[in-house]
Amino acid sequence: MAHTIRLAQSPEADELLGRSPLAALTGMLLDQQVAMEWAFSAPASLAARMGRSDLDTAEIAGFDPEAFAALMSAKPALHRYPGSMAGRLQTLCRHLVEHYDGDAAAIWRDASTGRELLDRLLALPGFGRQKAQIFLALLGKQYGVTPDGWREAAGAYGEAGAYRSAADITGPESLARVRAFKQEAKRAAKLSKADKADKADKAAGGTKS
1 MAHTIRLAQS PEADELLGRS PLAALTGMLL DQQVAMEWAF SAPASLAARM GRSDLDTAEI
61 AGFDPEAFAA LMSAKPALHR YPGSMAGRLQ TLCRHLVEHY DGDAAAIWRD ASTGRELLDR
121 LLALPGFGRQ KAQIFLALLG KQYGVTPDGW REAAGAYGEA GAYRSAADIT GPESLARVRA
181 FKQEAKRAAK LSKADKADKA DKAAGGTKS
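The sequence shown begins at 1 in the UniProt record's numbering and counts up one residue at a time.
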């Protein structure tokens, strides 16, 4: 079943994300240290470079690593670190072949609870807790994957009406709101770090006096 997705802000790339579980999973894997639109546009670009209308798990898993890295690295590169991410994507696809017979959707198709689904996502190579919770929220909010307790398992990313992550992007306006949230979070983190450093300096000075 196809879904209306606006993560890549590109009709062709978003169309693939809407119908391909592996493309959605790949976009989420690549969504780090680059703009979200870049990460979620990459699956469609990669499929085109492979001469396919969709990504194939077994094909990626079995691709020659150097040749696959070259595909990801060819200009325009599909990520800021295309070689490294090529390796991560192949590792992810090998995991899917081994544990899910190459079917990405099998990760969530029969998950009975949000906690079970989160555990499956956490077991994926390249998925830490934050990435797993964001993808869980994305599945629930935009792909209709709503096992019992999915919002709780996704943490703050599962909140209705939030603008925290890729899970909340449905167009240019929501993208701008998510980007503003991230910028504010970074600013607050920087101020907190500076405040802690200042307190540490004062404590050290007090100890010496």
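Heads up, the beta-carbon is just placed ideally off N, CA and C, and yes, glycines get one too.
Approximately 16 angstroms separates the beta-carbon atoms of His79 and Pro125; this is outside 8 angstroms, ruling out the contact. The alpha-carbon of Ala104 is positioned some 32 angstroms away from that of Ala185. Taking the CA atoms as reference points, Gly27 sits about 21 angstroms from Ala153. When DSSP states are grouped into helix, strand and coil, Asp54 belongs to the coil group.
Per the Cβ contact rule, the region 15–27 is in contact with the region 42–56 (3 or more Cβ pairs under 8 angstroms). In terms of Cα proximity to Met36, the closest of Leu89, Ala8, Arg187 is Ala8. Contact between Phe135 and Leu121 holds, with the beta-carbon distance rounding to 6 angstroms and staying under 8 angstroms. Residue range 129–142 is occupied by the alpha helix (DSSP H) that includes Ile134. Take the alpha-carbon of Gln142 and the one of Ile5: they are about 7 angstroms apart.
In the three-state DSSP reduction, Thr26 falls in the helix class (H, G or I).
The residues Trp108, Val145, in chain order, have a CB closer than 7 angstroms to that of Leu139 in the same chain once the five nearest residues on each side in sequence are set aside.
A straight-line Cα-Cα distance of about 5 angstroms links Asp148 and Thr113. DSSP, read as helix, strand or coil, puts Asp64 in coil. The region 65–74 and the region 168–178 do not touch, with fewer than 3 CB-CB distances between them shorter than 8 angstroms. Residue state for Asp148 is assigned as strand, using DSSP reduced to three classes.
When DSSP states are grouped into helix, strand and coil, Thr4 belongs to the coil group. In this structure Gly171 is exposed. Its beta-carbon is surrounded by fewer than 16 other beta-carbon atoms within 10 angstroms. Taking a C-beta distance under 8 angstroms as the contact criterion, Phe40 and Ala2 do not qualify as a contact pair.
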